[in-house]
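Heads up: the protein sequence lines correspond to chains A and B, in order.
Counting in UniProt numbering, the first sequence runs from 1 upward without gaps.
Counting in UniProt numbering, the second sequence runs from 1 upward without gaps.
2 protein chains.
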Amino acid sequence: MTYCVGLWLEEGLVMLADTRTNAGVDHISTYSKMYTATVPGERMLCLMAAGNLAITQAVWSRLQEGVVLEGETHTLTSVGSMFRAAQLVGAAIRSVYDHDGPMMEKQEVRFSVSLLLGGQIAGGPMKLYLVYSAGNFIEATPETPFLQIGEHKYGKPILDRAVSRATPLEDGVKLVLVSMDSTLRSNLTVGPPLDLLVYEVDSFRIRLQKRITEEDPYFRNLRDAWSAALRDAYRLVPAPGWF
Amino acid sequence: MTYCVGLWLEEGLVMLADTRTNAGVDHISTYSKMYTATVPGERMLCLMAAGNLAITQAVWSRLQEGVVLEGETHTLTSVGSMFRAAQLVGAAIRSVYDHDGPMMEKQEVRFSVSLLLGGQIAGGPMKLYLVYSAGNFIEATPETPFLQIGEHKYGKPILDRAVSRATPLEDGVKLVLVSMDSTLRSNLTVGPPLDLLVYEVDSFRIRLQKRITEEDPYFRNLRDAWSAALRDAYRLVPAPGWF
Chain A
1 MTYCVGLWLE EGLVMLADTR TNAGVDHIST YSKMYTATVP GERMLCLMAA GNLAITQAVW
61 SRLQEGVVLE GETHTLTSVG SMFRAAQLVG AAIRSVYDHD GPMMEKQEVR FSVSLLLGGQ
121 IAGGPMKLYL VYSAGNFIEA TPETPFLQIG EHKYGKPILD RAVSRATPLE DGVKLVLVSM
181 DSTLRSNLTV GPPLDLLVYE VDSFRIRLQK RITEEDPYFR NLRDAWSAAL RDAYRLVPAP
241 GWF
Chain B
1 MTYCVGLWLE EGLVMLADTR TNAGVDHIST YSKMYTATVP GERMLCLMAA GNLAITQAVW
61 SRLQEGVVLE GETHTLTSVG SMFRAAQLVG AAIRSVYDHD GPMMEKQEVR FSVSLLLGGQ
121 IAGGPMKLYL VYSAGNFIEA TPETPFLQIG EHKYGKPILD RAVSRATPLE DGVKLVLVSM
181 DSTLRSNLTV GPPLDLLVYE VDSFRIRLQK RITEEDPYFR NLRDAWSAAL RDAYRLVPAP
241 GWF
């Protein structure tokens with residue numbers, strides 16, 4: 001399993017991914033699920049992947065080699081807009097499906113992959129997309145300024161309540177870490193270390209990219225502080241007085 | 001879908017169920033998923049059900065008619081211990097499976113049901129069980145003093161952090177309502193009104209049984225207060241200072 005979350009804020013993007021992969025509970029490994037393609041001053045794209053690791057790695061390999069989009073071969077560093085970039089990721093998924101899908105179906109392995117693509121290319125707006133297994137996609141909007149893939153349920157309530165377009169980047173970092181913490185506690189197949197990326201709108205370069213280990217003093221402190229804050233929060237809710 | 005949660009606390013039991021059932025998103029109804037069997041002064045049992053409504057209603061009907069357990073016909077008001085009561089619920093599920101399972105399988109309808117059974121019978125301890133589709137069951141323990149059925153993920157993080165055996169009953173009521181609130185917000189197939197039951201250990205009678213509507217002033221206030229408390233809580237977490 002996997003948990004990745006992206007925030008599409010007025011100030012920029014916050015992207016966070018766990019690194020645990022598993023094939024059964026007795027075959028657990030650490031793989032980065034975050035990939036970046038940047039041309040400093042011109043573009044910054046960040047991709048996060050959930051699903052079958054053989055598929056997500058194949059998608060990324062094809063994107064690096066170049067994928068044909070409307071007759072021309074492109075990579076994420078050559079494509080002309082974020083919309084085209086999302087189409088390119090979709091085309092890469094379809095190309096992997098054409099190559100591996102039939103054999104996977106024969107062996108009853110589900111063709112399961114989903115990706116979050118966030119970034120900005122000079123001349124266009126900053127975007128955040130969720131690309132599905134079928135290669136089609138949706139994008140974050142002002143009403144829904146965050147997107148999640150993988151094990152999204154445990155970490156959603158805090159995002160539903162606290163994330164808006166106006167959330168500052170630093171608050172966004174806190175919120176995705178809190179959301180991830182809820183997921184780590186409840187699903188063993190989501191695990192540290194974590195990959196964090198922060199992008200400031202119109203900067204066309206990575207503002208912060210950081211691997212956060214379980215021992216990271218800030219993350220440990222945040223987990224404790226959040227647990228304490230939650231316990232205090234419910235105590236502040238008035239009692240029902242029903243009995 | 002359904003969300004039911006039971007807390008097994010030193011002071012007693014707190015049981016909460018939603019009432020929404022759906023067969024597709026365009027066929028939504030309200031059904032109580034909470035059933036009680038009490039003999040005041042001698043026993044108090046509360047059952048909450050998730051899964052296929054035809055199965056859960058059939059299980060309850062059979063339990064009322066009487067189910068054969070080791071050669072004797074029993075109901076929840078005649079059975080001698082909570083362990084026997086859990087076995088009786090399991091036997092009722094197996095009896096429904098024997099009657100309807102083969103036809104459901106032919107039509108590829110999953111035989112899906114799970115039940116929470118909480119209560120106490122004079123002479124024995126208070127118990128909380130989760131009974132599976134197969135009719136076998138687990139019980140709450142001091143390390144895991146709450147059990148959930150149905151759509152359990154959204155509402156689990158707060159319970160993981162705040163519920164212990166020592167949680168007072170009134171705090172337990174707040175916590176299950178907060179847990180339900182997170183679920184209601186995120187899954188449309190879990191819906192109000194809610195059925196709440198509170199049982200005080202060794203009392204052998206219902207302390208509180210209450211239907212909570214969306215318009216209930218306390219529940220509305222709790223939802224607002226909890227949202228505000230969560231937003232305040234993440235603001236109290238220190239900033240990372242990474243950029």
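Where a beta carbon is used, it is the ideal one built from N, C-alpha and C, also for glycine.
Taking CB distances under 8 Å as the criterion, tell me whether residue i reaches chain B.
i, result
"A:F204", "no"
"A:A233", "yes"
"A:E170", "yes"
"A:V178", "yes"
Residue i and residue j: beta carbons closer than 8 Å?
i, j, result
"B:M44", "B:G119", "yes"
"A:L147", "A:V131", "no"
"A:A233", "B:A233", "yes"
"B:A92", "B:L53", "no"
"B:L184", "B:V190", "yes"
"A:R161", "B:S186", "no"
"A:A122", "A:F204", "yes"
"A:P240", "A:E214", "no"
"B:L9", "B:G155", "no"
"A:L16", "B:A229", "no"
"B:M225", "A:P238", "In the sequence as presented, Met is not what sits at residue 225 of chain B; that position holds Ala. Cβ atoms of B:A225 and A:P238: closer than 8 Å."
"B:T36", "B:I206", "yes"
"A:D18", "A:T2", "yes"
"B:L196", "B:L208", "yes"
"A:F111", "A:M104", "yes"
"A:G90", "A:G135", "yes"
"A:Y198", "A:L175", "In the sequence under discussion, the amino acid at residue 198 of chain A is Val, which differs from the Tyr named in the question. Going by C-beta atoms, A:V198 is not nearer than 8 Å to A:L175."
"B:L76", "B:Q87", "no"
"B:V109", "B:L7", "no"
"A:M82", "A:G124", "yes"
Which residues in chain B sit within 7 Å of residue i, going by Cβ to Cβ distance?
i, result
"A:Y218", "P240"
"A:S243", "A quick correction: the sequence has Phe, not Ser, at residue 243 of chain A. Residues of chain B passing the Cβ test: V198, R207 and L208."
Run down chain B in chain order and give the residues with a C-beta less than 8 Å from the C-beta of residue i.
i, result
"A:L7", "Chain B residues near A:L7: none, gap ~13 Å exceeds 8 Å."
"A:S227", "R161"
Mind listing the chain A neighbours of residue i? Cutoff is C-beta to C-beta under 8 Å, in chain order.
i, result
"B:Y154", "K153, Y154, K156 and P157"
Would a check of beta-carbon distances place residue i closer than 8 Å to chain A?
i, result
"B:K127", "no"
"B:S186", "yes"
"B:S182", "yes"
"B:L230", "yes"
Please report the Cβ distance between residue i and residue j, rounded to the nearest whole angstrom; I am assuming they are in contact, meaning their Cβ atoms lie under 8 Å.
i, j, result
"A:G41", "A:E200", "At roughly 13 Å, the Cβ-Cβ gap does not stay under 8 Å, so A:G41 and A:E200 are not in contact."
"A:L128", "A:A140", "4 Å"
"B:I55", "B:V14", "With a Cβ gap of about 26 Å, B:I55 and B:V14 do not count as contacting."
"B:S95", "B:V67", "6 Å"
"B:I149", "B:C4", "5 Å"
"A:K210", "B:W242", "6 Å"
"B:K153", "A:K153", "4 Å"
"B:Y31", "B:T38", "Contact doesn't hold; Cβ gap of about 21 Å is too wide."
"A:D100", "A:A58", "7 Å"
Going along chain A in order, which residues have a C-beta closer than 9 Å to the C-beta of residue i?
i, result
"residue 293 of chain B", "Chain B is shown from 1 up to 243; residue 293 of chain B falls before or after that span and cannot be answered."
"B:S173", "For the record, residue 173 of chain B in the displayed sequence is Val; it is not Ser. Neighbours of B:V173 on chain A, chain order: A239, P240, W242 and F243."
At least one CB of chain E closer than 8 Å to the CB of residue i: is that the case?
i, result
"B:I158", "Absence of chain E from the displayed structure is noted, the protein chains being A and B."
Please indicate yes or no: does the CB of residue i lie closer than 7 Å to some heavy atom of the ligand GTP?
i, result
"A:E10", "Of the ligands one can find in the structure shown there are none, so the ligand GTP has no counterpart to examine."
Entirely enclosed beta strand (DSSP E) segments - the stretch 205-240 of chain A, minimum 3 residues:
206-212
Quick one: complete alpha helix (DSSP H) runs, 4+ long, within the stretch 38-67 of chain B?
53-65
Taking only runs that begin and end inside the stretch 75-157 of chain B, name each unbroken alpha helix (DSSP H) of 4 or more residues, in chain order.
82-106
Whole runs of the alpha helix (DSSP H) within the stretch 166-197 of chain B, excluding any shorter than 4 residues:
169-186
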